[in-house]
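Numbering (full-length UniProt numbering), first residue to last: 1 to 76.
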């Protein structure tokens with residue numbers, strides 16, 4: 001995975017914060033991750049396969065409301 005977030009340019013291959021991970025019956029991993037800009041992504045990774053972003057939200061307007069202790073975007 002070598003894509004960048006269209007909102008802030010953060011590499012999709014480096015999730016900023018993992019919110020949730022679940023394994024499905026067929027061993028596909030579904031995960032919700034947050035980008036550095038605050039947008040949420042739902043990702044899918046089939047067993048032994050590549051990660052793909054299924055859906056991506058918009059950035060949050062205020063990162064300090066996320067409860068992660070970061071009031072500004074990290075330098076990358």
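We put the CB at the ideal spot given by N, CA and C, even for glycine.
**Prompt:** CA-CA distance, residue 6 and residue 48?
**Reply:** What you label residue 6 is simply residue 6 of the chain shown in a count that begins at 1. What you label residue 48 is simply residue 48 of the chain shown in a count that begins at 1. Cα to Cα, residue 6 sits roughly 27 Å from residue 48.
#### Entry: Contacting residues, own chain, Cβ-Cβ under 6 Å from residue 52 (five flanking each side not counted)
Working through the chain shown from its first residue, we reach residue 52 at position 52. Excluding positions up to five away in sequence, the list reads 44.
**Asked** Buried or exposed: which applies to residue 33, given that a residue is buried once 16 or more other Cβ atoms fall within 10 Å of its Cβ?
**Response** Residue mapping note: residue 33 aligns to position 33 of the chain shown, counting from 1. Its Cβ being crowded by 16 or more others within 10 Å, residue 33 is buried.
**Prompt:** What are the residues that DSSP puts in a beta bridge with residue 60?
**Reply:** Translated into the one-based positions of the chain shown, residue 60 becomes position 60. None; residue 60 has no bridge partner.
| task | Compute the beta-carbon to beta-carbon distance between residue 59 and residue 38, rounded to the nearest angstrom, for a pair I have assumed lies under 8 Å. | result | Stepping through the chain shown from its first residue, residue 59 is reached at position 59. Stepping through the chain shown from its first residue, residue 38 is reached at position 38. Their Cβ separation, rounded to whole angstroms, is 5 Å, which keeps residue 59 and residue 38 in contact under 8 Å.
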